[in-house]
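In full-length UniProt numbering, the protein residues as written are 1 to 706.
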């Protein structure tokens, strides 16, 4: 009784938050959005009024994913603490009107400013930059209508002191690059379409008055990422032409990410030859045509490399070891490696090898031993088949990389060869993985007793052991080597998909359940796992991976039916931290039960569903949007008629836009001929991060921008 009375007395007294030290309170407040701190929290009491204006909280203001911020809040924020802000990130604030940028002029001491994805004209940019004399880092978009001649002399003076520039181009232009005479880091994102909205072909030639030459003499980092399209290739060649004349002596990172074919020219060859003679690199990424069949890698010199990307190159494992890893010397500095689509990278030679042949485990063993500090590794989009040799399985070798934070693997690479050799083929293996009505092969029951289901798992499998050894992994992608999304970037939706690799046929529920060992997992992508029978492994993940924020599932199990729907709904009830959900599955039924389960995800902000012949219930969608107040993006590309899609989209916008300024809704038939026109209006933040499917592990060097 005495113990109970003491406990009840403590409960009645409680703990006063204001009794914590200032250091602890500042740490707690650092997790609160700056707009809430300044506009709300600091008005609660005198102590918090002082702490909320502490320099540690106002020095850097991040608005890039504060979807509740509006023009008035930004205006008040800049008025209250503008002079205290040194770094301001408004990237992707597409919903704010361009006049919002005018208030940034109050931040006289700004050193870093990110306005990527914000609406800004040449005149507004000129006015703003004229007042920011301390600016050293800038990120902006260059849209059609941009005119460099409208930039004032004061604006150009500010730009001349900028050392870091990130520029996203939606029109052929140098943008502000010629004005930045002190550039040390240049990041270019080319998003120019080949055709205008009216259907006219665009040219890669720069507009009149844009013949000024960029200044690269101090450049240390050059990065260019190209969206599909010929015009993007034409424009990037103009940027590279200056580099080919004189390669900066301090260049240490040279990265060009180009999809498809990007042919090497005389100018680019001269550039690479000059780099081989004059610079030592720490980061490298080149188009596949520039590497394939050339001896370039043999001549390039590296200092302390931290990032390599040979995505989609035909580089063999022998060349990788000899020319890049240099026999295992000096590669402990490498933290990020992208070998996505590099189909021969784990084989000694590529000349007479088939893509499905077994890998050479000694090459992977050398890679793991040499690059023991890797944090990000991408081996997706290739057939990496392990042999039956004991101890040499790909999963066993990768388990030695104890520092991994993100990992991307093809589905066929996680197959336990020895175990599968003894297994008879399952029912799902005998069913063709194609669209259409399926033959009834028996009802798969969903196991409600999770303990019994776990006991059925073979916990001695190599993949289970790998997941157990990578306890701090935050991002995992398991993607079928032949998987392609139904939604490519600038083309009509894909109607047919390639069948999964034969080695992948046994990968299913037990492998998915093994992922539940990753306690700190934040992002998970599963695509083209053919042997998913019930989806029971998803429930394990929902229960044990409580930090999961991003989930992407595509083409799991049989293609004619969503066999994992019941398990998915059970999983979603446990995903309290989930913010982004992407589902791509034919015949997906987005009905009342699904949206009721999804409503348990109280933190959900973005939803994307891609489903050929999929259906939806408009009332269920509206109810879901009303219950989940944080949702600001709803993209659904289904099999419904254009009328149904338009009516639902208009209803959502009309009902919720006023309270959710960042709301972006696109509901459209997946196979409609105008899909590409609809896609081009989606904000780049959503398009790049969730709507379009791609592997994101080691896609860019770590900490490329802030």
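We treat Cβ as the ideally placed atom computed from N, Cα and C, and that holds for glycine.
Keep in mind that this is a model prediction, so the values were computed, not measured.
Q) Between residue 310 and residue 157, what straight-line distance do the alpha-carbon atoms span, to the nearest angstrom? A) 39 angstroms
Q.
Count Cβ pairs between the region 473 to 491 and the region 673 to 692 that sit closer than 8 angstroms; are there 3 or more?
A. yes
Q: Give the straight-line distance between the Cα atoms of residue 644 and residue 628, rounded to the nearest whole angstrom.
A: 22 angstroms
Q.
At 3 residues or longer, what runs of the beta strand (DSSP E) sit wholly inside the region 155 to 211?
A. 164 to 169 and 185 to 190
Q. Using the beta-carbon count (16 or more within 10 Å), is residue 78 buried or exposed?
A. buried
Q) Nearest-angstrom Cα distance between residue 429 and residue 507? A) Low local confidence applies: a pLDDT of 42 at residue 429 is under 50, so the model's placement there is unreliable, with the coordinate-based value given in what follows. Those two C-alpha atoms are separated by around 10 angstroms.
Q.
I'd like to check one pair, residue 151 with residue 126: are the Cβ atoms closer than 7 angstroms?
A. yes
Q: Alpha carbon to alpha carbon, how far is residue 660 from residue 685? Give it in angstroms, no decimals.
A: 17 angstroms
Q) Is DSSP giving residue 559 helix, strand or coil here? A) coil
Q) In the region 509 to 558, which residue ranges form an unbroken beta strand (DSSP E) of at least 3 residues, counting only runs that do not cross its ends? A) 523 to 529 and 550 to 556
Q. CA-CA distance, residue 65 and residue 195?
A. 31 angstroms
Q: State the Cα-Cα distance for the pair residue 703 and residue 610, rounded to the nearest angstrom.
A: 31 angstroms
Q.
Which of the three DSSP states is assigned to residue 609 in this structure?
A. strand
Q | Cβ shell of residue 133 (< 7 angstroms), same chain only, five flanking positions each side left out | A | 158
Q.
Could you give the first and the last residue of the continuous alpha helix (DSSP H) run that contains residue 395?
A. 394 to 398
Q: Please list, in chain order, all residues of the same chain as residue 175 whose beta carbon is under 6 angstroms from its beta carbon, the five residues on each side excluded.
A: 142 and 167
(Q) Per the DSSP calculation, residue 636 is bridged to which residue(s)? (A) 609 and 667
**Q.** For residue 70 and residue 295, the rounded distance between their alpha carbons
**A.** 54 angstroms
Q. Grouping DSSP H, G and I as helix and E and B as strand, with all else coil, what is residue 288?
A. helix
Q: Tell me whether residue 36 sits in a helix, a strand or coil according to DSSP, three-state version.
A: helix
Q: Work out the CA separation of residue 370 and residue 334 for me, nearest whole Å.
A: 9 angstroms
Q | residue 703 (DSSP reduced to helix, strand or coil) | A | coil
(Q) Taking a contact to mean a Cβ-Cβ separation below 7 angstroms, would you say residue 397 touches residue 368 in this structure? (A) yes
Q. With 16 other CB atoms within 10 Å as the buried threshold, where does residue 45 fall?
A. exposed
Q: May I ask you to list the residues that DSSP assigns as paired with residue 87?
A: 60 and 112
Q | Residue interval of the beta strand (DSSP E) (run including residue 581) | A | 580 to 584
Q: Out of 236, 238 and 248, point me to the one whose CA is closest to residue 218's CA.
A: 248
Q. If we count Cβ pairs, one from each stretch, closer than 8 angstroms, do we get three or more for the region 278 to 288 versus the region 301 to 316?
A. yes
Q: Output the distance between the C-alpha atoms of residue 504 and residue 651, rounded to the nearest integer angstrom.
A: 43 angstroms
Q. Which residues in the same chain as residue 187 place their Cβ atom closer than 6 angstroms to its Cβ, once the five residues preceding and following it in sequence are excluded?
A. 166 and 223
Q | Buried/exposed call for residue 463, threshold 16 Cβ in 10 Å | A | buried
Q.
Within 10 Å of its beta-carbon, does residue 459 have 16 or more other beta-carbons around it, so buried, or fewer, so exposed?
A. exposed
Q | Residues that DSSP places opposite residue 221 in a beta bridge | A | 185 and 253
**Q.** C-beta atoms of residue 557 and residue 588 nearer than 7 angstroms
**A.** no
(Q) Starting from residue 307, trace the beta strand (DSSP E) in both directions and tell me its first and last residue. (A) 301 to 309
Q | Cα-Cα separation between residue 21 and residue 48, rounded to whole angstroms | A | 12 angstroms
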